[in-house]
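Student: Sequential numbering of the sequence shown, starting at -5, is according to our numbering. Think of the CB as a built atom: it goes at the ideal place given N, C-alpha and C, for glycine as much as any other residue. Before anything else, here's the structure in question.
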Amino acid sequence: MTVAPQILAVDLGTSGMKAALVAADGTVTGWAERPVALHLLPGGGAEQDPVAWWDALAEAVAELGRDFPEHVRAVTTICSSTQGEGTIAVDARGEPLTRCISWLDMRGAAHLRKQFGGFPSYGGISVLKIARWLRLTGGMPSVTGKDPAAHMLFVRDEMPAVYAETKTFLNVLDWINLKLTGRTVATVDSILTSWVTDNRRATGIRYAPSLVAASGIDADKFPPIVRCTEVIGTLAPSAADHLGLPTSVRVVAGAIDNTAAAIGAGTVRDNEAHLYLGTSSWIAAHVPAKKTDVGSGIASIPCALPDRYLMTALQATAGANLTWLRDKIVEFDDPLVSAGHVSRDEGTIFDAFDKIIPSVPAGADGVLYMPWLYGERAPVDDPNLRAGFLNISLETSRSDLLRAVFEGVALNTRWMARSVDRFLGAPMTSLVITGGAARSNSWCQIFADVLGIEIRKDANPTAVNARGAGWIGAVGAGMIAFSDIPDLARNDNVFTPGPDQAAYDDIYDTYTCLHKQLAPVYKKLNG
């Protein structure tokens, strides 16, 4: 059997490391994954061990080699998709000096305000500095402290010895590429949330000297910038030994997860949107111009397409609500799940959910759920928000709570989608839905009913980031062009709004009141 050339797609999310074998046509042949721990610390800290990522990648590739030896031997290219907005301080040898400061970490917020404060201010940040960021980058550092701009200042101020030893600050993708090739670079999208680049010309993303000088970080600690499709080298000997692959394998720079998902979903044409449902979620679409909606926190940012930007509206926690539900409320041996006749050997937790959810009417018997487990990003940037159930009575069942969680995430997405419609200049009429949590058909139907639009389900939603990395790698290696991708993408089901749509219109009106009424309470509790 002749095996087509394969791209080894590295997909590193918050929950773990995945590796997949992807052909240029998007076929995902092999898949292996390993969990990686997330360490939550006092004061809003969240970290992961980069060495654990690297070891997990070797284990995943070794599993692929056992299960698909001919396909692994056909690997010609490696390309990665990773979680974004993480920060790793590395020394002159490329070794991490600390664990990675995760995109969930908020400890740098006070240091950000100290560095960029001034009068007048917004969220403790000088309005004049914000204006400069918006003009040059299209965005600004999150006042929550959840991005590298704040992470680096946290290291500088709280760990001065580490800062002094730091050769370069790298995002998650950049560190993986360093381990693969020995070359230190950042991609046009991985460097974004350091907030030091001039993004006004999509084909010429570069550092803005004024932003670098004002960042509080030494200029030589920022890496060179490359395009997502650039071949940045071949496997370093140490990486080849670690992964069991030849040194001739090319490494394409790749992209962070939201950039890769936009490619993997097949939504590469202008204004064609997708909804990604993972630990967090987002609505994204490629657009021709740099643009920012300050009020809703939505912007178009550099991406894998060399002459386009990616509009991204981020919801802080989506699938994380299901993880919380699974781990804290429901177990596979729980009566709630056994009522759905699903065991570990018979299906996934999503199969169980899909048996239970239709038994509860739209509106979850009056229960509302707010999915703000870890604050929110869009259409409001508020770290103080927290999740909660509303309107529970003695008659409320756990099945009601289950449906309310699904509906709450969808209602929150509708809240965000209204801002997306304004940004794109026209209402969305169709969305590709993808990401691991899109495996639930019941949830897809709820999204169609709540949003009132057509939902097209990715045929392999758990592989969207790996497929996106594979396609970016294939473009970089000259196997395909981005314009080929829409014809290669596959959807396996279409959900249209049903009779529940009218009920959700009424529920949404109530939901939109909750933030205004509860935000002051959450600020008092968590501010």
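Alpha carbon to alpha carbon, how far is residue 17 from residue 484?
Tutor: When rounded, the distance between both Cα atoms is 14 Å.
Student: Measure the Cβ-Cβ separation of residue 407 and residue 383 and say whether it is below 9 Å.
Tutor: No.
Student: Taking the alpha helix (DSSP H) that residue 511 falls in, what are its first and last residues?
Tutor: 495 to 520 is the extent of the alpha helix (DSSP H) around residue 511.
Student: By Cβ distance, which residues of its chain are closer than 7 Å to residue 194, with the 5 residues on each side in sequence left out?
Tutor: Here the set comprises 130, 284.
Student: Only counting the same chain, and skipping five residues up and downstream in sequence, which positions put a Cβ closer than 8 Å to that of residue 245?
Tutor: Answer for residue 245: 71, 72, 73, 171, 174, 175, 225, 226, 227, 228, 229, listed in chain order.
Student: For residue 288 and residue 305, what's the separation of their Cα atoms in angstroms?
Tutor: Computed Cα separation, rounded: 13 Å.
Student: Among residues of its own chain, excluding the 5 on either side of residue 159, which ones have a beta-carbon nearer than 7 Å to its beta-carbon?
Tutor: Excluding residues within five positions, the ones whose Cβ falls inside 7 Å are 85, 91.
Student: Assign residue 98 to buried or exposed, taking buried as 16 or more other Cβ atoms, counted over all protein chains shown, within 10 Å of its Cβ.
Tutor: Burial call: buried.
Student: Would you say residue 226 lies against chain C (beta-carbon separation less than 9 Å)?
Tutor: Among the chains in the structure shown there is no chain C, since it carries only a single protein chain.
Student: Taking residue 190 as the reference, which of 167, 154, 142, 13 has the closest Cα?
Tutor: Minimum Cα distance to residue 190 is reached at 142.
Student: Comparing C-alpha positions only, which one of 182, 372, 359, 2 sits nearest to residue 168?
Tutor: Out of 182, 372, 359, 2, 182 has the C-alpha closest to the C-alpha of residue 168.
Student: Quick one: what's got a C-beta closer than 7 Å to residue 11's C-beta in the same chain, skipping five residues either side?
Tutor: Closer than 7 Å at the Cβ level, and outside the excluded window around residue 11, lie 27, 28, 30, 47, 50, 51, 54.
Student: What residues are listed by DSSP as bridge partners for residue 244?
Tutor: Per DSSP, 71, 228.
Student: Strictly by DSSP, which residues pair up with residue 485?
Tutor: Answer is 452.
Student: Give me the Cβ distance between residue 3 and residue 464, rounded to the nearest whole Å; I'm assuming they're in contact under 8 Å.
Tutor: The Cβ separation is near 4 Å, so the contact holds.
Student: Should the region 366 to 385 be called in touch with the region 480 to 498, which here means at least 3 C-beta pairs below 8 Å?
Tutor: Contact fails: fewer than three Cβ-Cβ distances are below 8 Å.
Student: Would you mind sorting residue 123 into buried or exposed? The rule is 16 or more other CB atoms within 10 Å of its CB.
Tutor: Buried is the call here.
Student: Have a look at the DSSP bridge pairing and note the partners of residue 276.
Tutor: For residue 276, which the question treats as bridged, DSSP gives the partners 270, 308.
Student: Measure the beta-carbon distance from residue 75 to residue 459 and round it to whole angstroms, keeping in mind my assumption that it falls under 8 Å.
Tutor: The Cβ separation is near 4 Å, so the contact holds.
Student: Hey, how far is the Cα of residue 396 from the Cα of residue 111?
Tutor: Taking the straight line joining both Cα atoms gives about 43 Å.
Student: Rounded C-beta distance between residue 147 and residue 279? I'm assuming under 8 Å.
Tutor: So it is not a contact: roughly 32 Å between Cβ atoms.
Student: Since I believe residue 292 is in contact with residue 372 (beta carbons under 8 Å), could you give me their beta-carbon distance rounded to a whole number of angstroms?
Tutor: That belief holds up - the Cβ atoms of residue 372 and residue 292 are roughly 6 Å apart, short of 8 Å.
Student: Give the straight-line distance between the Cα atoms of residue 376 and residue 489, rounded to the nearest whole angstrom.
Tutor: For residue 376 and residue 489, the distance between alpha carbons rounds to 32 Å.
Student: Using a 10 Å radius around the Cβ and a threshold of 16 neighbouring Cβ atoms, would you call residue 103 buried or exposed?
Tutor: The residue is buried, with at least 16 neighbouring Cβ atoms inside 10 Å.
Student: Rounded to whole angstroms, what is the Cα-Cα separation between residue 204 and residue 276?
Tutor: Their backbone Cα atoms lie some 31 Å apart in a straight line.
Student: Is it buried or exposed for residue 116, if we count other Cβ within 10 angstroms and need 16 for buried?
Tutor: Residue 116 comes out exposed.
Student: Quick one: Cα of residue 127 to Cα of residue 243, how far?
Tutor: Their Cα atoms are separated by approximately 39 Å.
Student: Please state the DSSP three-state secondary structure of residue 204.
Tutor: Three-state result, residue 204: helix.
Student: Kindly indicate which residue of 361, 213, 398, 366 has the alpha-carbon position closest to the one of residue 387.
Tutor: Closest by alpha carbon: 361.
Student: Quick one: give me the first and last residue of the alpha helix (DSSP H) that residue 11 is part of.
Tutor: That residue, residue 11, is in no alpha helix (DSSP H); its beta strand (DSSP E) goes 10 to 17.
Student: What residues are listed by DSSP as bridge partners for residue -3?
Tutor: Paired residue(s): none; residue -3 is not in a bridge.
Student: Since residue 295 and residue 186 should fall inside the 8 Å C-beta cutoff, what is the C-beta to C-beta distance between them, to a whole number of angstroms?
Tutor: Going by Cβ atoms, the distance from residue 295 to residue 186 rounds to 5 Å, so yes, they are a contact pair.
Student: If contacts are defined as beta-carbon pairs under 8 Å, then residue 109 and residue 210 qualify, I think. What distance do you get, rounded to the angstrom?
Tutor: Confirmed, Cβ separation roughly 5 Å.
Student: What three-state label does DSSP hand residue 438 in the structure shown?
Tutor: The answer is helix: DSSP assigns residue 438 an H, G or I state.
Student: Would you call the CB atoms of residue 238 and residue 59 closer than 9 Å?
Tutor: Taking 9 Å as the Cβ cut-off, residue 238 and residue 59 qualify as a contacting pair.
Student: Confirm, please, whether the CB-CB distance from residue 144 to residue 135 is below 9 Å.
Tutor: Taking 9 Å as the Cβ cut-off, residue 135 and residue 144 qualify as a contacting pair.
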